[in-house]
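Asks: These protein sequence lines are chains A and B, in that order.
Under our numbering, the first residue of the first sequence is numbered 26, with each subsequent residue one higher.
Under our numbering, the first residue of the second sequence is numbered -13, with each subsequent residue one higher.
In this text, a Cβ means the ideal position worked out from N, Cα and C, and glycines have one as well.
Predicted, not measured: the structure shown is a model, and the values here were computed from it.
If you scroll down you'll find the structure; I have some questions about it.
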Amino acid sequence: DIQMTQSPSTLSASVGDRVTITCRASQSISSWLAWYQQEPGKAPKLLIYKASDLESGVPSRFSGSGSGTEFTLTISSLQPDDFATYYCQQYNSYPWTFGQGTKVEIK
Amino acid sequence: QVQLQESGPGLVKPSETLSLTCSVSGVSISNTHYYWAWIRQPPGKGLEWIGDVYYTGSTFYNPSLKSRVTISVDTSKNCFSLRLSSVAATDTTIYYCARRLSHRGTFDYWGQGTLVAVSS
């Protein structure tokens, strides 16, 4: 299985801050990486696919980059709705696997 | 619009079989563009993909659960189901059903999730 490791596990930030979350794969996954946002008590929501493509309806303050084994999710200016947990997911090969999550908290 | 809704018992006894159904509306489960998936998440923890099913009945399972999992599809009822046998306390978790695009492995629609507890 491909292991996905996110850092940091928790991130404290303020509204308006630029935030970056990192996801590393245990082997190359090309650009087959997605990012999800999960608010408490809700299902995850797809934000980005193929490492950098924004899902329809997702605000442009979200962006993704990377390829191979290292990827980043950036929120350019944190908004109140963005305080949530973020997960990366590889879909290079079965079994699909997720990172352990990064919780973005209010500072 | 597309909606997925999980249903099934919220409590299962150890060693028994967990059974859940995902009812799909707003899209045909026979649409060739999609697979249908089960994903689980222990409260407060990360996500684990359980398996996918195509409308033809073709399945892919997580090797870590493969010996205990069966996912099936009922095109006449536009739903798909999960059976997990020989459950233990570690199977206490939130179970989500989700739609996956057949040309990529991302999940674009999810059910709200259902918590299943394993306890005697």
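Residues of chain A with CB closer than 7 Å to the CB of Phe46(B), please, in chain order.
Replies: The residue labelled residue 46(B) in the question sits at position 60 within the second sequence. Near Phe46(B) (Cβ distances below 7 Å), the residues of chain A are Tyr119.
Asks: How long is the line joining the alpha carbons of Pro69(A) and Ser5(B), rounded to whole angstroms?
Replies: For the purposes of this step, residue 69(A) is taken as residue 44 along the first sequence, with counting starting at 1. For the purposes of this step, residue 5(B) is taken as residue 19 along the second sequence, with counting starting at 1. Straight-line Cα distance between these residues: approximately 22 Å.
Asks: Answer with buried or exposed for Asn48(B), where buried requires no fewer than 16 other C-beta atoms within 10 angstroms of its C-beta.
Replies: On the second sequence, position 62 is the one that residue 48(B) refers to. That one is buried.
Asks: Contact criterion: CB-CB distance below 8 Å. Does Phe107(B) meet it with respect to chain A?
Replies: As shown, chain B starts at -13 and ends at 106. That puts residue 107(B) outside it, with no answer to give.
Asks: Along the beta strand (DSSP E) that carries Asp27(A), what are the first and last residues, could you check?
Replies: Locating residue 27(A) in the first sequence gives position 2, counting from the first residue. The displayed chain sequence assigns Ile, not Asp, to residue 27(A). No beta strand (DSSP E) contains Ile27(A), which DSSP labels as neither H nor E.
Asks: Along the stretch 17 to 47 of chain B, where does the CB come closer than 7 Å to a CB of chain C? Name the residues.
Replies: Here the protein chains are A and B, and chain C is not one of them.
Asks: CB-CB under 6 Å to Ser58(B), same chain, minus the five flanking residues each way: which ones, in chain order?
Replies: Here residue 58(B) is taken as the residue at index 72 of the second sequence, counted from 1. So the list reads Ser67, once near-sequence residues are dropped.
Asks: Going by DSSP, which residues form a beta bridge with Arg85(B)?
Replies: To locate residue 85(B), count along the second sequence from 1; it is residue 99. Arg85(B) pairs with Trp22(B) and Tyr95(B).
Asks: So, is the C-beta of Gly93(A) closer than 8 Å to a C-beta in chain B?
Replies: Along the first sequence, read from residue 1 onward, the residue named residue 93(A) stands at position 68. So, not an interface residue.
Asks: Please identify the residue among Glu2(B), Ser105(B), Ser1(B) and Ile15(B) whose C-alpha is closest to the C-alpha of Tyr95(B).
Replies: On the second sequence, position 109 is the one that residue 95(B) refers to. Nearest of Glu2(B), Ser105(B), Ser1(B) and Ile15(B) to Tyr95(B), Cα basis: Ile15(B).
Asks: Does any residue of chain B have a CB that is nearer than 8 Å to the CB of Gln167(A)?
Replies: Outside the displayed span of chain A (26 to 132) sits residue 167(A), for which this structure offers no information.
Asks: Using a cut-off of 9 Å between C-beta atoms, extract the partners of Tyr81(B) located in chain A.
Replies: Indexing the second sequence from 1 puts residue 81(B) at position 95. None at all; the shortest Cβ gap to chain A is about 11 Å.
Asks: Taking DSSP as the reference, what is the three-state secondary structure of Thr76(B)?
Replies: For this step, residue 76(B) is matched to residue 90 along the second sequence. Reduced to three states, the DSSP call for Thr76(B) is helix.
Asks: Identify whether Asp78(A) lies in helix, strand or coil by the three-state DSSP scheme.
Replies: Here residue 78(A) refers to the residue found at position 53 when the first sequence is read from its first residue. Reduced to three states, the DSSP call for Asp78(A) is strand.
Asks: Do the stretch 111 to 121 of chain A and the stretch 72 to 79 of chain B touch if we need at least three Cβ pairs shorter than 8 Å?
Replies: No, the stretch 111 to 121 of chain A is not in contact with the stretch 72 to 79 of chain B.
Asks: Determine the contact status of Ala38(A) and Lys132(A), defining contact as a CB-CB distance below 8 Å.
Replies: On the first sequence, residue 38(A) is found 13 positions in, with the first residue counted as 1. On the first sequence, residue 132(A) is found 107 positions in, with the first residue counted as 1. Contact flag set, yes.
Asks: Need the endpoints of the beta strand (DSSP E) that Val129(A) sits in, please.
Replies: Numbered from 1 along the first sequence, position 104 holds the residue referred to as residue 129(A). Thr127 to Ile131 is the span of the beta strand (DSSP E), which, as asked, contains Val129(A).
Asks: Express the C-alpha separation of Gly91(A) and Ala103(B) in angstroms, rounding to a whole number.
Replies: For the purposes of this step, residue 103(B) is taken as residue 117 along the second sequence, with counting starting at 1. For the purposes of this step, residue 91(A) is taken as residue 66 along the first sequence, with counting starting at 1. Rounded to the nearest angstrom, the two C-alpha atoms are 39 Å apart.
Asks: Given that Pro69(A) touches chain B, what residues does it touch there, using C-beta distances under 9 Å?
Replies: Numbered from its first residue, the first sequence carries residue 69(A) at position 44. Chain B residues near Pro69(A): Ile25, Gln27, Leu33, Tyr82, Ala84, Phe93 and Trp96.
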